[in-house]
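Take a look at the structure below.
2 protein chains.
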Amino acid sequence: MTAKQPGSKGRSTRGITLVDVARLAGVAPMTVSRYLNAPDAVREETRLKIQQAIVQTGYVQNRLASSLASNRSRLVAVVLPMVTNPLFSDTFQAINERLMQAGYQVLLGVSGYQSEQEQHLLDVILSRRPDGIILTGTLHTQASRARLRAAAVPVVETWDLTDDPIDMLVGFSHERVGSEVAQRLLRLGYRRFALLAVDDPRGLRRAQSLLDALTQAGIGDVQQQIFAGLPTLEQGRRGLAALLENDWPTPQTPPLMVVCTSDTLAHGVLTEAAARGLPVPERLGVMGFGDMNFASHTFPALSTVRIDGAQLGACAADLLLRRLQQPEQVAEIVDIGFSLIERQSTRAVF
Amino acid sequence: MTAKQPGSKGRSTRGITLVDVARLAGVAPMTVSRYLNAPDAVREETRLKIQQAIVQTGYVQNRLASSLASNRSRLVAVVLPMVTNPLFSDTFQAINERLMQAGYQVLLGVSGYQSEQEQHLLDVILSRRPDGIILTGTLHTQASRARLRAAAVPVVETWDLTDDPIDMLVGFSHERVGSEVAQRLLRLGYRRFALLAVDDPRGLRRAQSLLDALTQAGIGDVQQQIFAGLPTLEQGRRGLAALLENDWPTPQTPPLMVVCTSDTLAHGVLTEAAARGLPVPERLGVMGFGDMNFASHTFPALSTVRIDGAQLGACAADLLLRRLQQPEQVAEIVDIGFSLIERQSTRAVF
DNA sequence: ATGAAAGCGCTAACAT
DNA sequence: ATGTTAGCGCTTTCAT
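Protein chains in written order, with my numbering: chain H, 17 to 366; chain C, 17 to 366.
The following block contains the structure:
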């Protein structure tokens, strides 16, 4: 509560600064700064004096000022299409954990799935001068991508494997997911297929790739239900209900395989099937995507495509952190792959 | 790529600044600043010149500098116990939406459910000088709460109704949830109860309040399964399995009511019941919490306690924004309440 | 190991 | 409506 003498043109007094701490500790401000940023560069005795002064004053460093002066914000922007999509939450969690541990903080950006305000979001983010940016998916407009390249900030794109990454990249091939799922299901004996999807860009690519592979195998008549919005249990139920309207599997027909672009949709399909007394896997097969934490515990257990979201996030954070420590590092591209998990929901007997 | 002449003691050149834009537009830096912060205070003609200069240079404002100079960061820290808990994602989404719209950005803080590193997280957050802080739940240690009060930053606590809020508050009474659930279920005719909970502090308070109400009604023998960690479908299945080991409801016994502190656990209970052929609601009743988006679409549909997470988030953001506009505003406390939703899973016939 | 000077990029406050 | 000056709180750079 010491009343400071305002300078002739000074502003109203603010909180406790590093100068206050320095004065109390009887050292130069620069020494306090050293204590904060590299304690080992300060003598033990001095360190104690400063420590005491900090506790006594309740000083909290002002990182706005330190970021400005040092040209390092220790901020990393993480851009998600949607905070409510549980597919990304493991990734997000892992990213945040690693970054915090390394002394960085996460600035959140939510892009939505449409590209309208993308440029604006990007400017808002860049205005904070983050030391790095982690994108979920990739930016949609070329203008945005160019701006990001121009900003010369390290960027990691995730959850995808594109042709021309902005910088670093960690993901997997959605095309390969689609075709491998098709091949596996064909090998299991399925011949009748339906598709349940929501309209997110990567999910649609998986779906298209699946359809292509099926067509190549001579299966062209695949019923499709594509919804707008996020995948929900409700959409899954509705989707199956719609599919069954013109194709109700009887004991005589071979089982129908419903491929979903998300475990959540698939869970809804299982639920609707149970509600209608349609036995899975005997007359209906279900395939999900994501291997989310519930997939192995649905009834019956859900076959799906496993993506290790936590590993993906950890990898993205590590790539970025390594670059921040060694700016010369080349831009890596990491394919973390995926694996097909066969559980009860695809175990029809042919 | 214009090589700037470094001052005698200058640092290596950085990006394009407001001064560069001003020079190109032929105005003073302050005029550019005005254009950015209050375009209406600048003449149309000048505005166009500046606009052009900005586009031409690709200038992006440096908010680190502007925050430092203006003592307003336009940053709001949002603290979550865990990013992967879907209970909070609607709230988080709503908060982020409102804040972005109002020109604020979200700085994420993940506290975990234990209080060990709470103080450190708090300092990390305060060091960015956020204009406000939104907490999910409340801080655990008195030291943290004191430090936050001392920082004189607007704070909104959410998802709870505590006795001594730090500042603003929006939530509901977990105690009342517990007792009202008990009373409702008793009125429905249930007399045999079991409890399934995870060890989050608010969930445990709901549970305790439920148990108290049941005891008052003369029902003291309530089997309990309390797990550590986040609520998952798997935990719900395991929980029911464990409960059934020493209490398998027969057609002769009155139905067993399993009250869960989370819809996700309840969903697991429904799943395990289906897997074991135990009919819900005839022999087993299930009650959830949260009314998450799947609750009305499980089979059978799940009775639960509805909390409007999106409304809660919007309310929290609005309280904060109002305070930021009118600092004299008193600290409001908002009880957003809850409602009991009766669906199929509690429709036993007595 | 510590200090002094200069300046990061912007805006508040006071002109005009 | 626009310009001038000082300074936000810190760190870089150079000196001791």
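Even for Gly, the Cβ is constructed at its ideal location relative to N, Cα and C.
| query | result |
| --- | --- |
| Should ARG299/C be listed as close to the ligand GDP, given that the test is whether its C-beta is under 7 Å from any heavy atom? | Here there are no bound small molecules, and the ligand GDP is not part of this structure. |
| I'd like to confirm the pairing. Which residues does DSSP put opposite ILE70/C in its beta bridges? | Partner(s): none; ILE70/C has no beta bridge. |
| Could you check where the beta strand (DSSP E) with PHE243/H kicks off and where it finishes? | 239-243 |
| Per DSSP, which residues does ILE323/C bridge with? Please list them. | Answer by DSSP bridge pairing: none, since ILE323/C is not bridged. |
| Compute the Euclidean distance between the alpha carbons of THR33/C and ALA168/H, then round it to the nearest angstrom. | 15 Å |
| Kindly indicate which three-state DSSP category PHE354/C falls into: helix, strand or coil? | coil |
| Output needed for ILE349/C: all residues of its chain with C-beta closer than 8 Å, excluding positions within five of it in sequence on either side, in chain order. | LEU177, PRO181, MET184, LEU185 and VAL186 |
| Among LEU91/H, ARG192/H, GLY119/H and THR100/H, which residue has its Cα nearest to the Cα of LEU142/H? | LEU91/H |
| Mapping the DSSP letters down to three states, classify ALA167/C as helix, strand or coil. | helix |
| Any Cβ of chain C within less than 8 Å of the Cβ of LEU204/H? | no |
| List the whole-angstrom C-beta distance separating LEU204/H from THR362/H, where the pair is believed to meet the contact cut-off of C-beta under 8 Å. | 6 Å |
| By alpha-carbon positions, which one of ARG338/C, GLY42/C, GLU113/C and VAL274/C ends up nearest to ALA210/C? | VAL274/C |
| Could you check the C-alpha separation between ILE70/H and VAL35/H for me, to the nearest Å? | 11 Å |
| According to a CB-to-CB cut-off of less than 7 Å, which residues of the region 26-54 of chain C neighbour chain H? | ARG30 |
| Out of TYR120/C, LEU281/C and LEU151/C, which has the shortest C-alpha to C-alpha gap to LEU328/C? | LEU151/C |
| My guess is that GLU191/H and ARG218/H are in contact by the Cβ rule of under 8 Å, so how many angstroms apart are they, rounded? | Going by Cβ atoms, the distance from GLU191/H to ARG218/H rounds to 10 Å, so no, they are not a contact pair. |
| How many angstroms separate the CA atom of ILE352/C from the CA atom of ALA317/H? | 38 Å |
| Quick one: what's got a C-beta closer than 6 Å to LEU337/C's C-beta in the same chain, skipping five residues either side? | ALA118 |
| Measure the C-alpha to C-alpha separation of ARG200/C and HIS313/C and round it to an integer number of angstroms. | 22 Å |
| According to DSSP, is THR152/H helix, strand or coil? | strand |
| Taking 8 Å as the cut-off, decide whether the C-beta atoms of GLY301/C and TYR206/C are in contact. | yes |
| Considering only the beta carbon of each residue, do VAL214/H and LEU246/H sit closer than 8 Å? | yes |
| Closer than 6 Å by C-beta to ALA57/H: which residues in its own chain qualify, once you throw out the five before and the five after it? Chain order, please. | ARG50 |
| Please list, in chain order, the residues of the region 89-105 of chain C that have any C-beta partner in chain H closer than 7 Å. | SER89, VAL99, THR100, PRO102 and SER105 |
| Alpha carbon to alpha carbon, how far is VAL128/C from VAL193/C? | For the sequence presented, residue 128/C should be read as Gly rather than Val. C-alpha separation (whole angstroms): 24 Å. |
| Kindly indicate the opening and closing residues of the alpha helix (DSSP H) around GLN135/C. | 134-142 |
| Which residues does DSSP list as the beta-bridge partners of PHE209/C? | MET273/C |
| What span of residues does the beta strand (DSSP E) with MET184/C cover, start to end? | 184-187 |
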